[in-house]
Amino acid sequence: MTTRIKNRWKAGLLVGTTILSLSLPLVSAGLAQDAGVVGRVNGKDITADDLAIAEQMYSQQLGQMPADAKRSLLVDALIDLRIVAEAARAANVPEQEAYKRQLAFFEDQTLRSLFLEQRVGEAITDASVRAAYDEQAAKIPPVLERRLRHILLRSETDALAVIDALKGGKSFAELAQERSADEVSNVNGGDLGFVADGQVVPEIDVAAAKLQPGEFTQTPVASAFGFHVVLLEETRNRPAPAFETVAPQIRQSLEATEERRIIAELKAGAKVEKLVPDVAPPQGEEDGHEH
1 MTTRIKNRWK
11 AGLLVGTTIL
21 SLSLPLVSAG
31 LAQDAGVVGR
41 VNGKDITADD
51 LAIAEQMYSQ
61 QLGQMPADAK
71 RSLLVDALID
81 LRIVAEAARA
91 ANVPEQEAYK
101 RQLAFFEDQT
111 LRSLFLEQRV
121 GEAITDASVR
131 AAYDEQAAKI
141 PPVLERRLRH
151 ILLRSETDAL
161 AVIDALKGGK
171 SFAELAQERS
181 ADEVSNVNGG
191 DLGFVADGQV
201 VPEIDVAAAK
211 LQPGEFTQTP
221 VASAFGFHVV
231 LLEETRNRPA
241 PAFETVAPQI
251 RQSLEATEER
261 RIIAELKAGA
271 KVEKLVPDVA
281 PPQGEEDGHE
291 H
């Protein structure tokens, strides 16, 4: 990162850091007293806890930067922040109405964030995420899948020769490796994996539907690609996605729903007056709220 870009990034960080400068003393005070010190400005410590807050707030701006470079840049930004904040205090900025208005806004914002985070965290537990997964998995309609192997031949004569070899006891997988024109599956013995109707050419679907596990087609199956010999290895109902792969999305959905519920409940008990007309935002544009 060039010096010019680095300074521009740090300047951009400082523009929106009023909330950070206000929250650092509040948050750090409640954390462990032995937190590591990463910098000092005029004898006042900048701690690893302060750094962690900054990293959380600005992770999207930092992108995929290496960890040591990210740490260095954030500490530089925190030092600059502390220096400018001290200068602002010396200039009596905290006595200005503009400061007090922003302070009140950021205090409300921080209170909202921490309150919802705590209440949502209490409601959405690992057990509730698992329960939601089990409920949704039970609703998934069964989809029959077949594990198939095939051998693709260029002529019907070649396909008939393969069928004769299979009837003579030759291994399907070996014949696929030796003779199949399907260069993707032949290296795996013709294995197509588990497929549902519509995932392979229609002619193979039709032929496989007539087979029992362990059976292969007794006549060549013609398609636009050539002639196929098809083996049905086994059938199953498609399993639900693994819990581990979908749990983060389930948790995020439950948390968003719970947050909306909490806000709606609080609104119902409050006297609210909106003194501007309700206007829906254009489709596809953000409305400034977290959904």
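Be aware that the sequence shown starts at 1, since it is given in UniProt numbering, and climbs by one per residue.
In this text, a Cβ means the ideal position worked out from N, Cα and C, and glycines have one as well.
Taking all protein chains in view, the Cβ of D50 is crowded by 16 or more other Cβ atoms within 10 Å, so the residue is classified as buried. Under the three-state reduction of DSSP, V187 is assigned to helix.
Exclusion of the five residues before and after I79 leaves G39, V41 and I46 as the residues of its chain whose Cβ lies within less than 8 Å of its Cβ.
Residue state for V162 is assigned as helix, using DSSP reduced to three classes. For the region 26 to 105, the continuous beta strand (DSSP E) assignments of 3+ residues that do not extend past its boundaries occur at 37 to 41 and 44 to 47, in sequence order. Only residues of its own chain outside the window of five on either side were considered, and among them V41 and N42 have a CB closer than 8 Å to the CB of E86, listed in chain order.
Residue burial annotation: F172 is buried, with at least 16 other C-beta atoms found within 10 angstroms of its C-beta.
Runs of the alpha helix (DSSP H) spanning 4 or more residues and lying entirely within the UniProt domain "PpiC" (143 to 234) occur at 156 to 167, 172 to 179 and 202 to 209, in chain order. Of all C-beta pairs linking the region 50 to 60 to the region 97 to 114, fewer than three are shorter than 8 Å, placing the two stretches out of contact. CA-to-CA, the gap between D108 and V195 works out to about 53 Å. If you ignore the 5 residues before and after L144, its C-beta comes within less than 7 Å of the C-beta of A196, T235 and N237, all in its own chain and listed in chain order.
Ranking N186, K210, R146 and A224 by CA distance to the CA of E156 puts A224 first. If you compare the alpha carbons of I83, L62 and D205 with that of K44, the shortest gap goes to I83. In this structure, P239 is the residue among P239, T110, V201 and A222 with its C-alpha nearest to the C-alpha of A137.
In its chain, beyond the 5 residues on either side, L254 have a beta carbon closer than 8 Å to the beta carbon of S128. The region 149 to 163 makes contact with the region 173 to 185: 3 or more CB pairs, one atom from each, lie closer than 8 Å. By the 16-neighbour rule on beta-carbons within 10 angstroms, S185 is buried. Spanning the alpha carbons of G198 and Q64 requires a straight line of approximately 40 Å.
In the structure shown, R130 falls within a helical segment according to DSSP collapsed to helix, strand and coil. In the assembly as shown, A77 is a buried residue. Its beta-carbon has 16 or more other beta-carbons within 10 Å. For V246, the uninterrupted alpha helix (DSSP H) run begins and ends at F243 to A268, by DSSP.
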